[in-house]
Every structure is written in C-alpha cells, then in structure tokens.
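Visitor:
4 protein chains.
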Amino acid sequence: MFVYSRTPYYYETDQMKIVHHSNYIRWFEEARIAYFDNIGYDFVKQERFGIVCPVLSVQAEYRNMIRFGDKIQIATRLTKYNGVRYEFSYLVKHAGTGELCCTGTSSHCLLDPEGRIIKIRTESPGTHELLCKALAMDASA
Amino acid sequence: MFVYSRTPYYYETDQMKIVHHSNYIRWFEEARIAYFDNIGYDFVKQERFGIVCPVLSVQAEYRNMIRFGDKIQIATRLTKYNGVRYEFSYLVKHAGTGELCCTGTSSHCLLDPEGRIIKIRTESPGTHELLCKALAMDASA
Amino acid sequence: MFVYSRTPYYYETDQMKIVHHSNYIRWFEEARIAYFDNIGYDFVKQERFGIVCPVLSVQAEYRNMIRFGDKIQIATRLTKYNGVRYEFSYLVKHAGTGELCCTGTSSHCLLDPEGRIIKIRTESPGTHELLCKALAMDASA
Amino acid sequence: MFVYSRTPYYYETDQMKIVHHSNYIRWFEEARIAYFDNIGYDFVKQERFGIVCPVLSVQAEYRNMIRFGDKIQIATRLTKYNGVRYEFSYLVKHAGTGELCCTGTSSHCLLDPEGRIIKIRTESPGTHELLCKALAMDASA
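Going down the list, the protein sequences come from chains E, L, F and Y.
Position one of the first sequence corresponds to residue 0 (numbering that gives the first Met the number 0), numbered consecutively onward.
Position one of the second sequence corresponds to residue 0 (numbering that gives the first Met the number 0), numbered consecutively onward.
Position one of the third sequence corresponds to residue 0 (numbering that gives the first Met the number 0), numbered consecutively onward.
Position one of the fourth sequence corresponds to residue 0 (numbering that gives the first Met the number 0), numbered consecutively onward.
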C-alpha cells in the first residue's frame with residue numbers, strides 16, 4: 000500500500016466549486032506511478048524501450064466532494080495480478096478528517112513496441128517478481 | 000439515444016500517441032449534456048437556479064485506441080431512472096468503421112442550492128417527465 | 000482568415016464560474032489546426048512522417064469572461080511567415096454579440112524526426128506555398 | 000522569489016512525447032499560488048469572501064522541451080504592482096542541469112463579489128502590504 004498525497008490545483012475545480020470528477024481518474028494515474036516508483040519499478044525507463052501500459056478499465060464512485068484548499072490522500076493498492084493483467088484500487092480521503100471521498104479501481108496490461116500484449120510472467124520476469132512481491136505485501140497489509 | 004460526434008484534439012493525446020483515457024470521461028460529460036440539449040433539458044438554465052448535477056459514479060472499459068485524426072461517435076443512452084438518480088450508458092465507436100473503442104456508464108443526481116438531494120419526481124415534475132420520456136424512448140430504440 | 004466556432008465544455012470552467020484561462024491556449028490550438036485543415040494542410044499526415052510542430056511562444060490578453068452556455072467564435076489569421084517560422088493571431092468573440100473576450104498570438108516552426116528545424120521554403124516547398132498563399136489572403140482580408 | 004518544484008504527470012504529455020505547452024500556463028498558476036502561500040497570502044480564504052483573482056494576460060516562450068520523468072523548478076517572482084494590478088514572472092528550468100525551458104509572465108487583479116476591480120491599496124490594505132513587501136524582496140534578490 001502506498002499513500003499518495005496531493006492538494007487540488009485551482010484549474011482542477013469546475014463551476015460547482017468542487018474538483019471535477021475526471022481529475023480523480025488522473026490522480027489515480029499519478030498515485031499508480033508513485034506506487035511503482037516506490038517499489039522500484041521504473042516506468043520512465045520502461046517506456047524508453049517502447050513498452051507502454053494502457054488502461055483497460057477504470058471505475059470510480061464519488062462519495063464526498065473535494066474542494067480547492069483541501070488536502071487529500073490516496074491509499075493505493077495492487078489488488079490483482081495474473082501474470083498478464085494487474086489491477087489497482089484507490090481510496091481517496093481528506094487528509095485531516097480521514098473522510099472517504101472516492102473509491103476506484105483500474106486495470107492494466109503491458110504492450111510491446113508492436114502493440115502485442117506482454118506475458119509479464121515469462122517475458123519480463125523482473126517486473127513479474129516486483130508485481131508478485133507488491134501484491135503479497137498489499138494483501139497482508 | 001443520441002449520437003454525439005467528436006474529433007479528438009491534439010492536446011488530448013499522450014505520449015503513447017493515443018487519446019489519454021481520462022478524456023473519455025470528459026467526452027461522456029459532453030455527450031450527456033448534448034443529449035440533454037437534444038431532449039430540451041436546459042442544463043445551463045438549471046445551474047442559474049443553483050441546482051447542480053454531481054457525478055455519483057463513472058466507469059469505462061477501453062477496447063481499441065483512439066488517435067488524433069480519428070472521427071468518433073458516442074451513442075448515448077439514458078438507461079435507468081428511479082425518480083431521484085439516473086444513469087447513462089456510452090458506446091464510443093470509430094465513425095468510419097463502427098469499431099467499438101470504449102463502453103462506459105455514469106450515474107447522477109440533482110442537488111438543490113443547500114446541497115440536498117432533489118426528489119426529482121415530486122420536486123421537479125417537468126424534469127421528471129422529460130427523463131421518463133427519454134428513458135422510454137431509449138428502451139425501445 | 001478562418002472562423003472557428005466552439006461552445007465551452009462544463010469541465011473547462013473553474014470555481015470562478017468562468018472558462019479557465021489555460022483553456023483559451025488549447026482553443027488556439029484547435030482553431031489553428033482547423034485553419035490548416037481549411038487550407039488543405041494535412042497536419043495528421045505530416046506527423047506520420049515524423050514531422051512535429053512545436054509551439055515557440057504563446058500570448059493571450061483576457062478582456063471579457065466566457066461562461067458555460069456561451070457560444071464563441073475565434074477569428075484565426077496567419078500573420079507572419081519567414082520561410083521557417085510562422086505566427087498566428089486569434090480574436091475570441093461571443094458569437095451573439097460580437098463582444099471581444101480575448102486576443103492572442105502563437106508562433107511555431109517545424110522539426111524533422113531528428114529534432115532539426117526545417118527550412119520550410121527549401122525543404123518543404125508544398126507547405127511553403129500553402130503558407131505563402133494563406134498569408135497573402137489573410138493580409139488582404 | 001519562490002522556487003516551485005514539480006515533476007510532470009503522464010497525462011500532461013502529448014503525442015510529441017513532450018509536456019503540452021498549455022500545461023506550462025497551468026504550472027504558472029500552481030507556482031503563483033504556492034508563492035502566495037509562502038508569503039502568507041491566503042488565497043483559499045480570500046475566495047470564501049467572494050473575491051476572485053482573474054488572469055488579465057499570460058505569455059510564454061518555450062526554449063527547451065520537458066519530458067515525463069524530468070524534474071523541473073519554476074523560479075517565481077512578483078515583478079510589478081501598482082496598487083491595483085500585479086505581475087509575475089516565471090523561469091522554468093530542468094532541476095538537474097539548470098537548463099532554461101520556458102520563460103513567462105502573467106498579470107492579475109482582484110474583483111469583488113460584484114465583479115468590480117478592487118483598489119487593493121485602499122480597499123485591502125493587508126494584501127497591499129504583503130504585495131509591497133514581496134515586490135521589494137524580489138527586486139533585491
């Protein structure tokens with residue numbers, strides 16, 4: 000589990016005077032990449048080899064609004080991994096009160112430079128090991 | 000059912016050379032508001048009365064990538080409405096080939112100026128009628 | 000001169016209940032690409048050859064606010080071109096009243112796949128001719 | 000002078016594989032608000048009183064590209080203030096090398112809840128003092 004901290008930017012608000020719901024999907028990405036960074040998975044380097052990581056699905060439930068001036072924390076967990084596809088979960092909370100604002104998930108795979116799905120287990124054993132270890136740690140947390 | 004047409008903007012692409020997944024969530028909003036406009040539901044006027052329409056949940060599955068230069072169509076349907084909460088579905092397709100790129104849903108309610116959930120059926124009968132009619136038409140389409 | 004029409008999207012507003020100023024910079028890009036499309040300059044195809052078109056500078060003066068529900072028009076002109084670098088000007092107006100909301104400019108060049116500045120006049124004579132013709136037409140308009 | 004640090008987000012890149020130029024304008028806003036926070040100017044509280052701070056003009060020159068994975072720093076200075084209107088300058092640099100990527104400016108005023116320009120000097124003396132002190136410090140830095 001990795002806790003990603005963030006304060007909303009002014010331009011992320013909309014005329015309801017709350018953070019626009021689409022920005023949470025972007026925050027999930029920020030949190031996911033920070034999570035990877037934290038376990039030593041080098042996302043930037045990976046892309047230099049032409050490997051990309053598309054989003055297969057994303058989902059969010061909005062419970063409480065977030066405003067400019069708030070401080071938020073996103074508890075980010077790797078919840079599934081089957082050797083090819085992996086899934087993250089996100090809990091977005093107000094930093095001060097712990098009030099839950101949003102829950103979400105996203106799923107992903109890796110594509111090689113030809114756009115073919117990578118069998119991570121066999122074709123990228125280093126990444127496989129990192130993901131297995133992270134999955135085990137998040138399950139026990 | 001309303002078909003919303005769009006060409007991606009350059010700034011909506013990311014370094015994978017595809018439209019960033021978060022923009023589909025924004026397109027859903029565009030499609031939804033165009034849908035409302037099409038059935039005579041005046042979203043702009045509604046907000047002048049202090050009534051807002053937050054997103055309760057959103058979900059998307061990405062199947063095929065969309066690139067700058069593509070033309071897309073979003074088949075937008077009102078699929079559920081219970082007098083308080085309503086739900087939309089979206090099918091994002093390549094305009095030329097009809098290839099399905101993304102499916103999604105979103106759910107919504109209305110809040111009055113005090114942030115209280117509006118019982119649309121009783122408190123906003125005009126809107127209620129519009130939504131019921133749209134729901135019936137989309138079910139039969 | 001090309002007039003690009005647009006209605007602001009909900010997610011382009013901020014908590015001042017106006018379109019966030021950064022979005023005008025994005026609209027300039029939309030208007031510029033629509034302008035090119037209109038004179039038969041194929042931007043999408045160009046990028047397939049690895050040629051990109053970075054922004055060298057951008058500038059905007061904001062005079063009147065734009066709100067969700069407004070209709071706007073962006074009068075877009077090619078104002079300078081010296082064989083290497085070209086410049087656009089933008090006048091953003093309310094479609095109904097003609098009230099001026101924003102004036103802006105942007106300047107650009109072309110880079111080849113190695114990141115080298117392209118001497119358009121000699122290295123891309125077809126594009127050179129298109130730009131010269133557009134410049135002459137906009138000067139006389 | 001305040002140095003605002005940032006790493007670009009994945010979704011801020013475009014298909015040129017660089018940060019899209021419009022995001023620098025958003026970063027200027029982030030840097031400006033962090034600057035205000037640093038001198039004890041409470042932007043969040045101010046908006047609760049219905050006072051807003053529109054952007055009157057913005058300008059940027061792009062010199063070197065910024066990529067996902069880079070670390071950047073934005074040296075932010077208050078450069079002008081005449082009792083009503085103030086101006087900021089921004090130098091965006093690569094954190095490691097100090098290479099200059101972008102220079103920019105923006106100018107602003109304050110509006111009261113009726114949309115009237117606030118004479119900061121006389122109508123908001125606390126803010127006036129803060130801005131004068133910041134201006135003097137930045138001039139001597």
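Ideal Cβ placement from N, Cα and C applies to all residues, glycine included.
From a predicted model like this one, the values you see are computed outputs, not experimental measurements.
For chain Y, is any of its Cβ atoms less than 7 Å away from the one on residue 10 of chain L?
Guide: yes
Visitor: Can you tell me whether DSSP reads residue 55 of chain Y as helix, strand or coil?
Guide: strand
Visitor: Helix, strand or coil for residue 43 of chain F? Go by DSSP, reduced to three states.
Guide: helix
Visitor: Helix, strand or coil for residue 23 of chain F per DSSP?
Guide: Here residue 23 of chain F sits in helix by DSSP.
Visitor: From this set, L:32, L:140, L:65 and L:39, which residue's C-alpha is nearest residue 14 of chain Y's C-alpha?
Guide: Comparing Cα positions, the closest option is L:65.
Visitor: I think residue 82 of chain Y touches residue 120 of chain Y, with their Cβ atoms under 8 Å apart; what is that distance to the nearest whole Å?
Guide: 4 Å
Visitor: Please classify residue 116 of chain Y as buried or exposed, where buried requires at least 16 other C-beta atoms within 10 Å of its C-beta.
Guide: Residue 116 of chain Y comes out exposed.
Visitor: Within 7 Å (strictly less), CB to CB, does residue 61 of chain L reach chain E?
Guide: yes
Visitor: Scan the segment 95 to 118 of chain L for residues whose Cβ lies nearer than 9 Å to a Cβ of chain F and list them as they occur along the chain.
Guide: none
Visitor: Have a look at residue 88 of chain Y and residue 60 of chain E and give me their C-alpha separation to the nearest angstrom.
Guide: 40 Å
Visitor: Helix, strand or coil: how does DSSP classify residue 31 of chain Y here?
Guide: helix
Visitor: What separation, rounded to the nearest whole angstrom, lies between the Cα atoms of residue 114 of chain E and residue 132 of chain L?
Guide: 44 Å
Visitor: Let me confirm a value: residue 95 of chain F is counted as buried when at least 16 other C-beta atoms fall within 10 Å, else exposed. Which label applies?
Guide: With fewer than 16 other Cβ atoms within 10 Å, it is exposed.
Visitor: Once you ignore the five residues that flank residue 99 of chain L on each side, which residues in its own chain have a CB closer than 6 Å to its CB?
Guide: 62 and 92
Visitor: For residue 132 of chain Y, which three-state DSSP category applies?
Guide: helix
Visitor: Over what stretch of residues does the beta strand (DSSP E) that includes residue 86 of chain Y continue unbroken?
Guide: 85 to 93
Visitor: On the three-state DSSP scale, how would you describe residue 3 of chain F?
Guide: strand
Visitor: Just checking: is the beta-carbon of residue 13 of chain Y within a distance shorter than 7 Å of some beta-carbon in chain L?
Guide: yes
Visitor: Please report whether the beta-carbon of residue 56 of chain E lies at a distance below 7 Å from any beta-carbon of chain L.
Guide: yes
Visitor: Quick check: what's the CA-CA separation for residue 129 of chain F versus residue 25 of chain Y?
Guide: 33 Å
Visitor: Tell me which residues of the segment 34 to 56 of chain L have at least one Cβ-Cβ distance to chain E shorter than 9 Å, keeping chain order.
Guide: 46, 51, 52, 53, 54, 55 and 56
Visitor: Report the rounded CA-to-CA distance for residue 85 of chain E versus residue 53 of chain E, giving the unit in angstroms.
Guide: When rounded, the distance between both Cα atoms is 11 Å.
Visitor: If contacts are defined as beta-carbon pairs under 8 Å, then residue 21 of chain Y and residue 10 of chain L qualify, I think. What distance do you get, rounded to the angstrom?
Guide: 6 Å
Visitor: Are any of the Cβ atoms in chain Y nearer than 7 Å to that of residue 93 of chain F?
Guide: Residue 93 of chain F has a beta carbon lying at 7 Å or more from every beta carbon in chain Y.
Visitor: What does residue 88 of chain E reach in chain L if we use C-beta pairs closer than 7 Å?
Guide: Near residue 88 of chain E there are no residues of chain L at all, since even the closest Cβ is about 14 Å away, more than 7 Å.
Visitor: Exposed or buried, what is residue 4 of chain L when buried is set at 16 or more other beta-carbons lying within 10 Å of its beta-carbon?
Guide: exposed
Visitor: Verify whether the separation of the beta carbon atoms of residue 112 of chain L and residue 49 of chain L is less than 7 Å.
Guide: yes
Visitor: Please confirm if residue 16 of chain F has its CB atom under 7 Å from at least one CB of chain E.
Guide: yes
Visitor: Can you grab the Cα-Cα spacing for the pair residue 126 of chain Y / residue 35 of chain Y, in whole Å?
Guide: 11 Å
Visitor: With a threshold of 7 Å between beta-carbons, can residue 143 of chain E be considered close to chain L, or not?
Guide: In the structure as shown, chain E starts at 0 and stops at 140, and residue 143 of chain E therefore has no counterpart that could be examined.
Visitor: Would DSSP call residue 116 of chain Y helix, strand or coil?
Guide: strand
Visitor: Excluding five sequence neighbours on each side, which residues of the same chain lie with their C-beta closer than 6 Å to the C-beta of residue 56 of chain Y?
Guide: 106
Visitor: Going by DSSP in three states, residue 38 of chain L sits in which element: helix, strand or coil?
Guide: Three-state DSSP puts residue 38 of chain L in a helix.
Visitor: How big is the Cα-Cα spacing for residue 70 of chain F and residue 43 of chain L?
Guide: Taking the straight line joining both Cα atoms gives about 12 Å.
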